[in-house]
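Just so we're aligned: the sequence shown equals residues 1 to 128 in the UniProt record's numbering. By construction, the Cβ of each residue, glycine as well, lies at the ideal position given by its N, Cα and C atoms. If you're wondering where the values come from, they're calculated on a predicted model, not measured in any experiment. Reading through the C-alpha cells given below for one structure.
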Amino acid sequence: NIVYEVLAEGGITRFLAIFYDRDAEEVGPIRSARPYFVSKSLEHQAIYVHVGGSEEAYNFIKEEKIDDINEFVDFQPFWRSTDREPPHNLYTSTIKLRKEACPTVLYRLLEAYNIAIRLYFFFQTCNS
1 NIVYEVLAEG GITRFLAIFY DRDAEEVGPI RSARPYFVSK SLEHQAIYVH VGGSEEAYNF
61 IKEEKIDDIN EFVDFQPFWR STDREPPHNL YTSTIKLRKE ACPTVLYRLL EAYNIAIRLY
121 FFFQTCNS
C-alpha cells in the first residue's frame with residue numbers, strides 16, 4: 001500500500017514497503033534493519049521484517065519493543081532466490097509473513113482492542 005524510498009549509507013537507495021490489505025507473492029529483496037526504517041515502521045504499527053541489522057537498529061527494536069520478524073530467528077517465511085547473489089536474494093510473501101505474525105497479532109488484539117479493525121486481515125490468513 002505504501003513504499004518509502006530512502007537514500008541510505010554509501011549513496012544507495014533502499015525501499016520500505018508497508019502492506020495493509022494487499023498481497024504480494026514475492027516481497028524483496030529483504031535487507032538488514034536500519035534505524036530510519038524501524039522508526040518509519042513504528043509510525044504504521046507494523047511488524048518490521050528484516051534480516052539482521054545494525055547494532056543501533058537492534059537496540060531501537062529492543063528499546064521500543066517493536067514486533068519484528070528476523071530471518072536470523074524466524075526462518076520459515078523466507079527463501080533465497082538462485083538468480084541473485086547474497087545478500088540481495090532473500091525474499092518472502094505477505095501470506096507467509098501473515099502466518100508467521102499470527103501469534104503476535106492475536107496478542108496485540110488482546111492487549112489493544114482499538115486496533116482490531118486495522119489488523120483484521122491477519123485473521124483471514126490465520127484461520128485458513
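Note down the Cα distance separating residue i from residue j, rounded to an integer number of angstroms.
| i | j | result |
| --- | --- | --- |
| Asp83 | Asn89 | 8 Å |
| Glu5 | Glu71 | 22 Å |
| Ile30 | Phe60 | 19 Å |
| Thr94 | Cys102 | 12 Å |
| Val3 | Lys40 | 11 Å |
| Asp68 | Arg34 | 13 Å |
| Lys99 | Ile12 | 32 Å |
| Leu119 | Phe15 | Any reading at Leu119 needs caution, since the residue's pLDDT is 47, under 50, leaving its predicted position unreliable; the model's value is listed next. Distance between the alpha carbons of Leu119 and Phe15: 23 Å. |
| Ser81 | Leu97 | 17 Å |
| Val51 | Phe75 | 10 Å |
| Ile18 | Asn1 | 6 Å |
| Ile115 | Lys62 | In this predicted model, Ile115 has a pLDDT of only 47, less than 50, meaning its place in the structure is not dependable; the value taken from the coordinates is given anyway. Answer to the nearest angstrom: the Cα atoms are 22 Å apart. |
For residue i, count neighbouring C-beta atoms within 10 Å of its own C-beta (all shown protein chains included) and say buried if the count is 16 or more, exposed if not.
| i | result |
| --- | --- |
| Val27 | buried |
| Phe37 | buried |
| Pro86 | exposed |
| Phe78 | buried |
| Asn49 | Position check: residue 49 holds Val in this sequence, whereas Asn was assumed. Classification for Val49: buried. |
Could you give the uninterrupted runs of the alpha helix (DSSP H) lying entirely in the UniProt domain "DUF3048" (2-101), keeping only those of 4 residues or more?
35-43, 55-63
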